[in-house]
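**Student:**
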Amino acid sequence: MTTKRTTRGGEQRATEPTRDLPGRDRPRGAARKAAALAGLAALLAGAALAACGAAPPRLHPVFPAGPAAEKPRGKILLVLSAAREQTLGDGSKRATGTFLGELYEPYLALTGAGHEVVFATEGGAAPAIDPESLDEKYWEDEAQRAEARGFVERAPQLRAPLSLKQARAAADAFDGIVVPGGQGVMVDLLDNADLHALLAHFAVKDQPVGLICHAPAVLTRMRQPNPLSRRTVTSVSSFEERYIETFVMGAEAQVRDIGEQLEDHGYEHEAAFPGNAHALRDCNLVTSQNPFSTGRFSALYLEALADYRRGARCATGGRP
9 MTTKRTTRGG EQRATEPTRD LPGRDRPRGA ARKAAALAGL AALLAGAALA
59 ACGAAPPRLH PVFPAGPAAE KPRGKILLVL SAAREQTLGD GSKRATGTFL
109 GELYEPYLAL TGAGHEVVFA TEGGAAPAID PESLDEKYWE DEAQRAEARG
159 FVERAPQLRA PLSLKQARAA ADAFDGIVVP GGQGVMVDLL DNADLHALLA
209 HFAVKDQPVG LICHAPAVLT RMRQPNPLSR RTVTSVSSFE ERYIETFVMG
259 AEAQVRDIGE QLEDHGYEHE AAFPGNAHAL RDCNLVTSQN PFSTGRFSAL
309 YLEALADYRR GARCATGGRP
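The opening position of the sequence shown corresponds to residue 9 in my numbering, with each subsequent residue numbered one higher.
And the structure:
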């Protein structure tokens, strides 16, 4: 399957993901991932997966009838987890945090397209990086992984991010928000009232809201209805959750079955086959399924940003 990758300069180019190549041409990390997924498939034969593209977007961008001045490129808020430990369903604990690639790839895409990125965490603490996200199977090559690790180790803006309360107070200074995934989201962001308020603030102004992998779970904890209610979304699939629990965590997560929870709260949830790149845009809401979807997510998010700057609002059709 051909996907889009966003380069450091913001250029989108079609690439053929090497993880989908057969046999000997597959990188070692991707081969290990495929073997593990195959084992899990046997374990979970019969698990239901929603068909990719099954549900249409609920809302569409609608542009002004007459010429409108394009808004200048503005700041984008990236909200990261600062949780360094997660308690599992059996009471055991594991190191956690933000998934590095889900932070770094959108950051590169946004800054490459001329947007300033501002980071925020709960309490203004330095963000945590999930150790699992450093594994080579999540990266196209070693150079990219080393570059991302160097960024989080040296970037001054990550050592002193805004607190979520500060970000909430300054919400009008931003054009959009992105929340990368990782199990850390389930610890310090899932029920965070400041994050809920920020998401509603951007949504009601038709500004882009991006939620990656585990981050769409936050939608299930927001007051219903809200400006994002009943949208078409994707997130980590139940199959992938069980893969993580079986091969990475060694126990069940306390919060799981995110797709089912989204459906229970009125969202239209869909997922692609595990490990495939899959992201969805429902007007100003962009969601993605897994760490392999960040290229597609970034392309859709930049598209939503461009529409917002051209004066688009979200509606079922017609003119403003």
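Think of the CB as a built atom: it goes at the ideal place given N, C-alpha and C, for glycine as much as any other residue.
(1) Could you check the C-alpha separation between residue 313 and residue 186 for me, to the nearest Å?
(2) When the Cα atoms are used, what is the spatial distance from residue 231 to residue 151?
(3) Kindly give me the distance between the Cβ atoms of residue 296 and residue 242, rounded to whole angstroms, as I take these residues to be in contact under 8 Å.
(4) For residue 190, count the other beta carbons within 10 Å of its own beta carbon; 16 or more makes it buried, fewer makes it exposed. Which is it?
(5) Assign residue 85 to one of three DSSP states: helix, strand, or coil.
(6) Please report the distance separating the alpha-carbon of residue 281 from that of residue 69.
(7) Does chain D have any CB closer than 8 Å to the CB of residue 175?
(8) Starting from the C-beta of residue 94, find all residues in its chain whose C-beta is less than 6 Å away, skip the five residues before and the five after it, and write them out in chain order.
(9) Per DSSP, residue 170 forms a beta bridge with which residues?
(10) Cβ of residue 159 within 8 Å of Cβ of residue 112?
(11) Suppose contacts are defined by Cβ-Cβ distances below 8 Å. Is residue 225 in contact with residue 203 by that definition?
(12) Should residue 129 be counted as a contact of the ligand MG given a C-beta to heavy atom distance under 7 Å?
(13) Confirm, please, whether the CB-CB distance from residue 133 to residue 90 is below 8 Å.
(14) Closest to residue 74 by C-alpha separation, out of 82, 311, 319, would be which residue?
(15) For residue 77, does the count of other Cβ atoms within 10 angstroms reach 16, so buried, or fall short, so exposed?
(16) For the region 140-202, which segments carrying the beta strand (DSSP E) assignment without a break, of at least 3 residues, lie completely within its bounds, in sequence order?
(17) State the DSSP-derived secondary structure class of residue 269, mapped to helix, strand or coil.
(18) Who does residue 69 pair with in a DSSP beta bridge?
(19) Can you check which of these residues, 83, 117, 138, is closest to residue 252 by C-alpha distance?
(20) In the DSSP assignment, what are the bridge partners of residue 296?
(21) Rounded to the nearest angstrom, what separates residue 176 and residue 85 at their Cα positions?
**Tutor:** According to the structure shown:
(1) Residue numbering aside, residue 313 sits at position 305 when the sequence shown is read from its first letter. Residue numbering aside, residue 186 sits at position 178 when the sequence shown is read from its first letter. Distance between the alpha carbons of residue 313 and residue 186 is about 12 Å.
(2) Residue mapping note: residue 231 aligns to position 223 of the sequence shown, counting from 1. Residue mapping note: residue 151 aligns to position 143 of the sequence shown, counting from 1. Residue 231 and residue 151: Cα-Cα distance of roughly 42 Å.
(3) As a working note, residue 296 is residue 288 in the sequence shown. As a working note, residue 242 is residue 234 in the sequence shown. So it is a contact: roughly 6 Å between Cβ atoms.
(4) Within the sequence shown, numbered from 1, the residue matching residue 190 stands at position 182. Label assigned to residue 190: buried.
(5) The residue you call residue 85 lines up with position 77 of the sequence shown. It is a strand residue.
(6) Position 273 of the sequence shown, counting from 1, holds the residue named residue 281. Position 61 of the sequence shown, counting from 1, holds the residue named residue 69. Rounded to whole angstroms, residue 281 to residue 69 spans 28 Å at the Cα level.
(7) Considering every chain present, this structure includes no chain D. It has just one protein chain.
(8) Here residue 94 refers to the residue found at position 86 of the sequence shown. For residue 94, where only same-chain residues beyond five positions count, the Cβ hits under 6 Å are 102, 104, 191, 195.
(9) On the sequence shown, position 162 is the one that residue 170 refers to. BP columns for residue 170 point to 128.
(10) Taking the sequence shown and counting its residues from 1, one reaches residue 159 at position 151. Taking the sequence shown and counting its residues from 1, one reaches residue 112 at position 104. Cβ atoms of residue 159 and residue 112: closer than 8 Å.
(11) Stepping through the sequence shown from its first residue, residue 225 is reached at position 217. Stepping through the sequence shown from its first residue, residue 203 is reached at position 195. No, these two residues do not count as a Cβ contact at 8 Å.
(12) Ligands displayed in this structure: none; no statement on the ligand MG is therefore possible.
(13) Indexing the sequence shown from 1 puts residue 90 at position 82. Indexing the sequence shown from 1 puts residue 133 at position 125. Closer than 8 Å, so yes.
(14) As a working mapping, residue 74 is identified with position 66 in the sequence shown. Nearest option by C-alpha distance: 319.
(15) Position 69 of the sequence shown, counted from the start, is the residue given in the question as residue 77. That one is exposed.
(16) 182-187
(17) Residue numbering aside, residue 269 sits at position 261 when the sequence shown is read from its first letter. DSSP places residue 269 in helix when its eight states are reduced to three.
(18) Taking the sequence shown and counting its residues from 1, one reaches residue 69 at position 61. Its beta-bridge partners are 322.
(19) The residue you call residue 252 lines up with position 244 of the sequence shown. Nearest option by C-alpha distance: 138.
(20) On the sequence shown, position 288 is the one that residue 296 refers to. Beta-bridge pairing links residue 296 to 220, 287.
(21) Residue numbering aside, residue 176 sits at position 168 when the sequence shown is read from its first letter. Residue numbering aside, residue 85 sits at position 77 when the sequence shown is read from its first letter. Each residue's alpha carbon lies about 10 Å from the other.
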